[in-house]
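Everything in the sequence shown is counted per my numbering, starting at 1 for the first residue and increasing by one.
The beta carbon of each residue, even a glycine, is placed where N, CA and C say it ideally should be.
Just so you know, these numbers come straight off a predicted model, no measurement behind them.
Written below as structure tokens is the structure these notes are about.
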Amino acid sequence: MAIHVPGRVLLHHIPLKFVQNKVVGGGRKSVDMSLPLVPFIDFLITLIVFLIMQFAATGEVMTASRTIQLPEATNAEHLESYPIIAIDANVVALDGNRMADTPSLAADARMDRIEPLIQGLETLKRNWSILHPAEPFAGNVILNADRNVDFRVIKKVMFSAAQAGYANVSFAVSARGEVN
């Protein structure tokens, strides 16, 4: 077998003229350009659905867990965007991040601070003061608690929020009557 100069050999053995023209480089570029519209439309629909799901015009509170059943109240106001502390039967969470276990907090009758919650709230307070240097800190927080949670847990959470400088606690409730 003789030694040959290396070169292109892919598809050279096919005896069709148009294939050999394409392989050798004799083919021309296509004049028609196809635009893949279906994936583009799928992307836009996904983006629109995502944006609609994220938008809340009234400042409504999205519950952190499907297990939380909010208490009902007749006198209610629309809430602003503040840090949300969610309490359900298993966990205490700050803006979706786990801070403590609800059963362990309910088991201890002493009034203790929840240190991870205090640290998280103080971090949010520092971030707020950086973003709003000219405004005084109002210390607002939303408490999103299940109606069946032991009050000792809610009391410890409120105590920890007050220790972090959040004295204005708003309870998230389901409106029963007219909203003022």
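Contact between Leu143 and Ser170 holds: their C-beta atoms lie close to 7 Å from each other, under 8 Å. Ile45 and Asp95 have their alpha carbons spaced roughly 28 Å apart. In the three-state reduction of the DSSP assignment, Glu72 falls in the strand class, which pools E and B. Taking one beta carbon from each stretch, the region 86-100 and the region 140-159 have 3 or more pairs nearer than 8 Å; the two touch. According to the DSSP secondary-structure assignment, Ile3 is paired through a beta bridge with no residue. When DSSP states are grouped into helix, strand and coil, Ala145 belongs to the strand group. Here Val38 carries a helix assignment [DSSP, helix/strand/coil]. For Ile154, the uninterrupted alpha helix (DSSP H) run begins and ends at Phe151 to Gln163, by DSSP.
Beta bridge pairing from DSSP links Val169 with Val141.
Contact between the region 36-54 and the region 107-122 is absent: fewer than three C-beta pairs spanning the two stretches fall below 8 Å.
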